[in-house]
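*Asks:* Note that this note's numbering gives residue 269 to position 245 of the sequence shown, counting from 1, and the numbers run on in steps of one.
All C-beta atoms in this analysis are idealised placements derived from N, C-alpha and C, irrespective of residue type, glycine included.
Questions regarding the structure given below will be posed in turn.
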Amino acid sequence: MEIPSANLKDRLIPKEVLNYIPQESASFYKMVPFAWSNGILQVAMLNPQDINAQEALKFISQNNNNLKYQIFSARQEELVKAIKQYGDLAGEVNQALTNLEAELKRAEAQKTEEKVAIKSLTEEAPITRVVAVILRHAVDGNASDIHIEPEEEKLRVRFRVDGLLHSSLILPKKIHASIVSRIKILSKLKIDESRKPQDGRFRAVIRDKKIDFRVSTMPTNHGEKVVMRLLDVTVGLLELSELGMTDRNLEVTQKALQKTTGLILVTGPTGSGKSTTLYSLLKILNEEAVNIITLEDPIEYWIEGVNQSQVMPEIGYTFASGLRSILRQDPDIIMVGEIRDAETAELAIHAALTGHIVLSTLHTNDAKGAIPRLIDMGLEPYLLISALNLVIAQRLARKVEKLGSWQEASPEIQAVFQTAFESASEEAKERYQEKFKPPLRLPEVKSEKGRIGVFEVLEMTPQLEQLVMKSLSDDALTKEARRQGMTTMLQDGLIKALGGLVSIKEVMRVVQD
25 MEIPSANLKD RLIPKEVLNY IPQESASFYK MVPFAWSNGI LQVAMLNPQD INAQEALKFI
85 SQNNNNLKYQ IFSARQEELV KAIKQYGDLA GEVNQALTNL EAELKRAEAQ KTEEKVAIKS
145 LTEEAPITRV VAVILRHAVD GNASDIHIEP EEEKLRVRFR VDGLLHSSLI LPKKIHASIV
205 SRIKILSKLK IDESRKPQDG RFRAVIRDKK IDFRVSTMPT NHGEKVVMRL LDVTVGLLEL
265 SELGMTDRNL EVTQKALQKT TGLILVTGPT GSGKSTTLYS LLKILNEEAV NIITLEDPIE
325 YWIEGVNQSQ VMPEIGYTFA SGLRSILRQD PDIIMVGEIR DAETAELAIH AALTGHIVLS
385 TLHTNDAKGA IPRLIDMGLE PYLLISALNL VIAQRLARKV EKLGSWQEAS PEIQAVFQTA
445 FESASEEAKE RYQEKFKPPL RLPEVKSEKG RIGVFEVLEM TPQLEQLVMK SLSDDALTKE
505 ARRQGMTTML QDGLIKALGG LVSIKEVMRV VQD
């Protein structure tokens, strides 16, 4: 039987996966567990034919309730780097903790007051080292978020990679206050305020990358939880096609960007990539002859030639108050980070009706849901149809890195494609007729890395204008979207699955309710 190969390059292996095989065994037998899939532990070996390594793995399996496993081959340099993950994060942190223990004992011996002790520890090397190591490993592992979560008897650190959270480190509970204080010092937050949430930000250079960390603290029953969003400001802005926007979705969006007035909305839940799409739209619109001003919370990427402003609700500088000021700054294009309330919505519509292009985001499940949402906020339908040009809805799906063999899809999967295609517009049926023709073949997904957008785009047409003035039923909006030829997010995801860009499992995870 052919042994599949594992791609371990730049892979961050979750701590709970590494724990299935002891570090000593991994180093001696040149093998490492790297993933857990459908109840099966995936193990990479330098030499899958090594009888001793096979016997060791069998013994480990028997001692873990006959754990099921699958063996993969791996390149030596990738395997060595993967095995280092046993010791890198935990080892460096443990060394820093040893030093920290000495500091804690010294503080206790001197009977230093708690506040002074915490401040001292956070400013001295040991706890600084612990935090620095966590930040560096998050960057090395391409994490988008760091979660520092206090529990009853321990402190858990988790990294979010490609949309999924992985446990990376367990720390002693007694250093929780010191770690939180260190992060607060970096973020210029109030160290002695732990009863209410705080938001802050700091920048660090890690591995020659300028990384912005957006920090949010929140009180829990076991202490303050900290979440840090990582933003690599050295990453260039992507084109719409690089985000995953194709075919009709791309054509309709590009057409809307050629207009000189009107509102373009990007919708989706938190973490669906809305801000990235807004920046890509700004990149297209950013020209010497136009004045672009943004209101953001926070500013995620700096764009040359664009006037970017950070809202500060704590001093009364909100999206609504900022919009009023922007309109006195002679803008051509305005970007508002999010429409959160009726006042901001009204001002954005007013700006779009008075000779400006306005870009913003809204929290709705799909594109057509933006219209009733705005009307629920109190906007008059006749103003909305005059101002709104386009609604883009999106999700982020994990992108396939390495494909295996192509196989015929199961009857259940074929049924999903058939149902989605039957409800497609005539334009979509004509466009994708060959792709959806059975028997459908899908590739085996061996590894995933990075993410790609799944989109749907609804444009304001004369037919939709009439509909908004008469009826806002979901069925009526769905029929109009189909008449336009809209490709839904599910259909877009299925097309990407047929092309080997994403797995069908991932499409169903991000798109299906």
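Excluding five sequence neighbours on each side, which residues of the same chain lie with their C-beta closer than 6 angstroms to the C-beta of G428?
*Replies:* Taking the sequence shown and counting its residues from 1, one reaches residue 428 at position 404. So the list reads E468 and K470, once near-sequence residues are dropped.
*Asks:* In three-state DSSP terms, what is H171?
*Replies:* Position 147 of the sequence shown, counting from 1, holds the residue named residue 171. Strand at H171.
*Asks:* Just to confirm, is the Cβ distance from G185 to I172 under 9 angstroms?
*Replies:* Your numbering for residue 185 matches position 161 in the sequence shown. Your numbering for residue 172 matches position 148 in the sequence shown. The sequence given here places Val at residue 185; Gly does not occur at that position. It is not a contact, given that the beta carbons lie outside the stated cut-off.
*Asks:* Nearest-angstrom Cα distance between I416 and D271?
*Replies:* As a working note, residue 416 is residue 392 in the sequence shown. As a working note, residue 271 is residue 247 in the sequence shown. Approximately 14 angstroms between the Cα atoms of the pair.
*Asks:* Kindly identify the DSSP beta-bridge partner or partners of G2.
*Replies:* As displayed, the chain neither begins before 25 nor continues past 537, which places residue 2 out of reach and without an answer.
*Asks:* Please report how far the alpha carbon of G24 lies from the alpha carbon of P463, in whole angstroms.
*Replies:* Past the boundaries of the shown model lies residue 24; the chain is included only from 25 to 537, so the question cannot be answered.
*Asks:* Measure the C-alpha to C-alpha separation of R493 and Y406 and round it to an integer number of angstroms.
*Replies:* Within the sequence shown, numbered from 1, the residue matching residue 493 stands at position 469. Within the sequence shown, numbered from 1, the residue matching residue 406 stands at position 382. It is Met, not Arg, that sits at residue 493 in the sequence shown. Their Cα atoms are separated by approximately 7 angstroms.
*Asks:* Along the chain, where does the alpha helix (DSSP H) that runs through H374 open and close?
*Replies:* Locating residue 374 in the sequence shown gives position 350, counting from the first residue. Looking at the DSSP string, the run of the alpha helix (DSSP H) that includes H374 is A366 to L377.
*Asks:* Using a Cβ-Cβ cut-off of 6 angstroms (strictly less than) and excluding sequence neighbours within five positions of A391, which residues of its own chain qualify?
*Replies:* Here residue 391 is taken as the residue at index 367 of the sequence shown, counted from 1. Excluding positions up to five away in sequence, the list reads V415, A417, E480 and L482.
*Asks:* Just curious, the alpha helix (DSSP H) that P196 is in, first and last residue?
*Replies:* Position 172 of the sequence shown, counted from the first residue, corresponds to residue 196. Looking at the DSSP string, P196 is not in any alpha helix (DSSP H); the run it does join, the beta strand (DSSP E), is L188 to P196.
*Asks:* Starting from K426, trace the beta strand (DSSP E) in both directions and tell me its first and last residue.
*Replies:* Position 402 of the sequence shown, counted from the start, is the residue given in the question as residue 426. Its beta strand (DSSP E) spans residues L412 to E432.
*Asks:* With DSSP run on the structure shown, which of helix, strand or coil describes Q66?
*Replies:* The residue labelled residue 66 in the question sits at position 42 within the sequence shown. Note: Q66 maps to strand in three-state DSSP.
*Asks:* Quick one: which unbroken beta strand (DSSP E) runs of 3-plus residues sit fully inside the region 239-279? Chain order, please.
*Replies:* Here the runs fully enclosed are 247-256.
*Asks:* Give me the DSSP bridge partner(s) of V290.
*Replies:* For the purposes of this step, residue 290 is taken as residue 266 along the sequence shown, with counting starting at 1. According to DSSP, V290 bridges with T385 and I416.
*Asks:* May I ask which residues mark the beginning and end of the beta strand (DSSP E) holding P467?
*Replies:* Within the sequence shown, residue 467 is the residue found at index 443, counting from 1. Taken as a continuous stretch (DSSP letters only), the beta strand (DSSP E) holding P467 covers R465 to E483.
*Asks:* Check for me: the alpha helix (DSSP H) holding R184 runs from which residue to which?
*Replies:* As a first step, residue 184 must be located in the sequence shown, where it is residue number 160. Here R184 belongs to no alpha helix (DSSP H); instead the beta strand (DSSP E) covers K178 to V185.
*Asks:* Taking the alpha-carbon of T385 as reference, which of Y456, E450, V424 and G295 has the nearest alpha-carbon?
*Replies:* Counted from its first residue, the sequence shown places residue 385 at position 361. When each option's Cα is compared against that of T385, the closest is G295.
*Asks:* With 16 other CB atoms within 10 Å as the buried threshold, where does G474 fall?
*Replies:* As a first step, residue 474 must be located in the sequence shown, where it is residue number 450. Exposed: under 16 other Cβ atoms inside 10 Å.
*Asks:* Can you check DSSP and say which residues form a bridge with G224?
*Replies:* Along the sequence shown, read from residue 1 onward, the residue named residue 224 stands at position 200. Answer is V239.
*Asks:* Assign K461 to one of three DSSP states: helix, strand, or coil.
*Replies:* Mapped onto the sequence shown, residue 461 falls at position 437. The answer is coil: DSSP assigns K461 none of H, G, I, E or B.
*Asks:* Do you know whose CA, among L254, D216, R219 and K249, lies nearest A228's CA?
*Replies:* As a first step, residue 228 must be located in the sequence shown, where it is residue number 204. Among L254, D216, R219 and K249, the Cα nearest to that of A228 belongs to L254.
*Asks:* So what does DSSP say about N43, is it helix, strand or coil?
*Replies:* Position 19 of the sequence shown holds residue 43. Coil at N43, not helix or strand.
*Asks:* Which residue from T277, G477, L408 and D356 puts its Cα closest to that of V424?
*Replies:* Position 400 of the sequence shown, counted from the first residue, corresponds to residue 424. Closest by alpha carbon: G477.
*Asks:* What does a CB cutoff of less than 6 angstroms around V534 pick up in its chain, not counting 5 residues either side in sequence?
*Replies:* Residue 534 sits at position 510 when you count from the first residue of the sequence shown. Counting only Cβ-Cβ distances below 6 angstroms, and skipping sequence neighbours, we find R419 and A421.
*Asks:* Pull up the distance between the alpha-carbon of E217 and that of V155, whole angstroms please.
*Replies:* Taking the sequence shown and counting its residues from 1, one reaches residue 217 at position 193. Taking the sequence shown and counting its residues from 1, one reaches residue 155 at position 131. Roughly 20 angstroms separates the two Cα atoms.
*Asks:* Hey, out of K503, M252, D499 and A521, whose CA is closest to Q431's CA?
*Replies:* Locating residue 431 in the sequence shown gives position 407, counting from the first residue. Nearest option by C-alpha distance: A521.
*Asks:* Closest by CA to I323, which one among E362, Q353 and V440?
*Replies:* Position 299 of the sequence shown, counted from the first residue, corresponds to residue 323. Checked all of E362, Q353 and V440; the closest Cα to I323 is E362.
*Asks:* Report yes if the C-beta distance between I207 and V257 is below 9 angstroms; otherwise report no.
*Replies:* Taking the sequence shown and counting its residues from 1, one reaches residue 207 at position 183. Taking the sequence shown and counting its residues from 1, one reaches residue 257 at position 233. Result no, Cβ atoms of I207 and V257 do not sit closer than 9 angstroms.
*Asks:* If you follow the beta strand (DSSP E) that V360 is in, where does it begin and where does it stop?
*Replies:* Within the sequence shown, numbered from 1, the residue matching residue 360 stands at position 336. Segment I357 to V360, the beta strand (DSSP E) holding V360.
*Asks:* Can you name, in chain order, every residue of its own chain whose Cβ lies under 7 angstroms from the Cβ of L159, other than the five neighbours on each side?
*Replies:* Here the question's residue 159 lines up with position 135 in the sequence shown. Around L159: A228 and I230.
*Asks:* Can you find the residues in the same chain that come closer than 7 angstroms, C-beta to C-beta, to F9, ignoring five residues on each side of it along the sequence?
*Replies:* Missing from the structure shown is residue 9; the chain here goes from 25 to 537 and no further.
*Asks:* Can you tell me the Cα-Cα spacing of K233 and D164, whole angstroms?
*Replies:* Within the sequence shown, numbered from 1, the residue matching residue 233 stands at position 209. Within the sequence shown, numbered from 1, the residue matching residue 164 stands at position 140. Answer to the nearest angstrom: the Cα atoms are 11 angstroms apart.
*Asks:* Mind reading off the beta-carbon distance from G509 to E451? Whole number of angstroms is fine, and I expect it under 8 angstroms.
*Replies:* Translated into the one-based positions of the sequence shown, residue 509 becomes position 485. Translated into the one-based positions of the sequence shown, residue 451 becomes position 427. The pair is a contact, with the Cβ atoms about 3 angstroms apart (cut-off 8 angstroms).
*Asks:* Residues in the same chain with beta-carbon distance under 7 angstroms from Y93, minus the five sequence neighbours each way, listed in chain order, please.
*Replies:* Mapped onto the sequence shown, residue 93 falls at position 69. Answer for Y93: I64, L65, V67, L81 and S85, listed in chain order.
*Asks:* Can you name the start and end residues of the alpha helix (DSSP H) that G443 belongs to?
*Replies:* For the purposes of this step, residue 443 is identified with residue 419 of the sequence shown, where counting begins at 1. First, the amino acid is wrong: residue 443 is Thr here, not Gly. From DSSP, the alpha helix (DSSP H) with T443 extends over P435 to E446.
*Asks:* Does the Cβ-Cβ distance between L371 and R348 come in under 9 angstroms?
*Replies:* Indexing the sequence shown from 1 puts residue 371 at position 347. Indexing the sequence shown from 1 puts residue 348 at position 324. For L371 and R348, yes; Cβs fall inside 9 angstroms.
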